[in-house]
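So the sequence lines, in the order shown, correspond to chains X and W. Counting with the working numbering, you get residues 113 to 308 for the letters of the first sequence. Counting with the working numbering, you get residues 113 to 308 for the letters of the second sequence. Yeah, the Cβ is synthetic: ideal placement off N, Cα and C, and Gly gets one too. Take a look at the structure set out below.
Number of protein chains: 2
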Amino acid sequence: MAAKVPDRRVRRTRNLLQDALMEIMLTKGYDDVTVQDIVDRANVGRSTFYAHFTDKQQLLTSGIEQLRESLARQEGVLEGPSAGLLGFSLPMFQHVADNYRLYRALVVKGGSALVEELARDMLTGLVRDELAVLVPPGAPLPVPLEVVVQYTVSSFLALQTWWLDQKMPCPAGEVDRMFRDLTIPGIMALGIAPQS
Amino acid sequence: MAAKVPDRRVRRTRNLLQDALMEIMLTKGYDDVTVQDIVDRANVGRSTFYAHFTDKQQLLTSGIEQLRESLARQEGVLEGPSAGLLGFSLPMFQHVADNYRLYRALVVKGGSALVEELARDMLTGLVRDELAVLVPPGAPLPVPLEVVVQYTVSSFLALQTWWLDQKMPCPAGEVDRMFRDLTIPGIMALGIAPQS
DNA sequence: TGGTTGTTGAACACGGTGCTCATTTTCGAT
DNA sequence: ATCGAAAATGAGCACCGTGTTCAACAACCA
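So this is what it looks like as structure tokens:
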């Protein structure tokens with residue numbers, strides 16, 4: 113059952129549409145992009161668009177899905193708590209650096225509630241798993257675990273957004289350090305201890 | 113120059129529209145609301161809507177503006193650093209509690225990038241002012257001040273959103289404590305000291 | 001009361017959407 | 001190189017939400 117490679121034309125069309133969407137997002141932001149804009153920029157027939165995607169949201173989602181897969185292949189992202197507390201952070205920043213234009217397109221212009229939500233959901237899963245391992249199951253925390261998760265995710269996204277908005281003014285290792293400097297003290301103070 | 117009170121009909125219409133928008137947002141989220149929905153729910157002529165606002169965004173903005181004014185009157189929000197580090201937090205949570213339905217409408221359904229941005233901008237101003245006072249002007253921080261600001265704002269919004277999503281499962285003082293427990297250690301560790 | 005101001009609903013042009021279908025182009029396997 | 005299958009095309013269509021106009025009507029307030 114070889115993973116059937118789609119027709120060359122199909123790949124071409126899909127890529128053209130993906131790229132077109134990204135380019136236009138960089139100038140207008142997702143919300144203002146129109147299907148017409150996309151097919152014009154991509155030099156693709158309007159009906160062709162609808163042969164592949166039901167609407168622009170699905171096009172965006174498929175693009176993000178690819179990015180997500182690429183991220184999953186990124187060294188170290190999925191190592192869990194073994195890499196130390198909040199170990200996902202550095203690889204994640206590196207992945208952002210490696211796909212600068214793409215991430216930029218997703219963030220500019222307040223970048224759609226949709227993008228925010230997708231990014232958030234994925235991160236939330238990672239963080240929840242990681243913290244669940246570290247915290248003693250029945251131990252009463254001064255702050256609900258879910259709150260710690262939300263707090264951590266929001267902080268990370270804050271740093272990432274700043275980094276992108278400023279056009280990556282420092283190396284990935286540096287933002288990562290800032291993120292940890294700010295976030296970890298608050299977490300440790302709750303009695304959650306990293307294994308190192 | 114007495115602040116000319118608008119015609120009674122005008123007040124009536126504006127309130128009807130405001131309320132209608134809020135109600136519909138509670139069920140559909142801002143993005144899916146249509147001008148038609150609003151005027152139907154409000155029992156107001158379509159052309160009347162456009163006599164007052166240019167589009168639904170302006171209606172939303174005017175509503176938020178009112179909320180902002182109400183917030184400014186809230187005891188303690190604008191006291192600056194005199195109330196201790198992050199002193200705006202508790203009064204803010206209280207204001208949320210006092211205007212539960214309204215805040216809820218703004219947050220449900222991933223609540224529009226626009227709302228997020230407006231809330232963020234306002235908070236950012238508060239936090240920036242507060243921190244600017246506390247930090248020695250020329251002192252080199254391990255983290256740019258602007259990053260600390262973004263971090264603080266995001267953390268606060270994370271807590272506030274969680275609190276609203278969970279339908280206020282604890283008193284304002286409690287979320288406030290959580291917020292401080294999580295956020296302040298990271299800030300203090302940078303060498304920024306509260307005056308107390 | 002009367003003059004002013006606000007409200008109404010019908011009508012309109014516009015632009016984006018999602019879909020259909022007959023025709024043409026391109027692919028890839030033989 | 002050929003040929004059948006699959007994909008791309010673009011014109012056309014119905015639909016919906018927008019934002020505007022206007023003449024008739026209703027409510028306000030002095």
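- For Met290(W), the chain X residues whose C-beta falls within less than 7 Å of its own C-beta are Val255 and Val259, listed in chain order.
- At a Cβ-Cβ threshold of 7 Å, Arg232(X) and Val261(X) do not count as neighbours.
- With fewer than 16 other Cβ atoms from the protein chains shown falling within 10 Å of its own Cβ, Thr139(W) counts as exposed.
- With fewer than 16 other Cβ atoms from the protein chains shown falling within 10 Å of its own Cβ, Tyr162(X) counts as exposed.
- Annotation: the continuous alpha helix (DSSP H) that includes Ile176(X) extends over Lys168 to Arg185.
- The beta carbon of Pro297(W) sits closer than 7 Å to some beta carbon of chain X.
- Counting C-beta atoms within 10 angstroms of its own C-beta, Ser182(X) has fewer than 16 neighbours from the protein chains shown and is therefore classed as exposed.
- Close partners of Tyr215(X) in chain W (Cβ separation under 8 Å) are lacking, with about 17 Å as the shortest Cβ gap.
- By the neighbour-count definition (other C-beta atoms within 10 Å, threshold 16), Pro249(X) is an exposed residue.
- Gln272(W) is classed as buried because its beta carbon has at least 16 other beta carbons within 10 Å across all chains shown.
- Between Leu302(W) and Pro254(W), the beta carbon gap of about 6 Å places them in contact (Cβ cut-off 8 Å).
- Counting other Cβ atoms within 10 Å of its Cβ, Val122(W) stays below 16 and is therefore classed as exposed.
- Here the alpha carbon of Arg185(W) sits roughly 23 Å from the alpha carbon of Val245(W).
- In chain order, Gly303 place their CB closer than 8 Å to the CB of Ala251(X), counting only its own chain and leaving out the 5 sequence neighbours on each side.
- Counting along the chain, the unbroken alpha helix (DSSP H) around Asn127(X) starts and ends at Arg120 to Lys140.
- Here DSSP, grouped into helix, strand and coil, assigns Lys279(W) to coil.
- Gly285(W): member of the alpha helix (DSSP H) spanning Ala284 to Met300, first to last residue.
- The criterion of a C-beta distance shorter than 7 Å is not satisfied by Gly199(W) and Gln130(W).
- When secondary structure is reduced to three states using DSSP, Leu235(W) falls in the helix class.
- DSSP places Leu197(W) outside both helix and strand once states are collapsed to three, so it counts as coil.
- Under the Cβ distance rule, Gln262(W) counts among the residues neighbouring chain X, one pair being separated by less than 7 Å.
- Residues of chain X with a Cβ closer than 7 Å to the Cβ of Ala270(W) are, in chain order, Gln262, Tyr263 and Ser266.
- Taking a C-beta distance under 7 Å as the contact criterion, Leu235(X) and Val265(X) qualify as a contact pair.
- Selection Glu191(W), Val156(W) and Gly141(W) evaluated against Tyr215(W) yields Gly141(W) as nearest (Cα-Cα).
- Under the three-state reduction of DSSP, Ala209(W) is assigned to helix.
- For Ala154(W), not one C-beta of chain X is nearer than 7 Å to its own C-beta.
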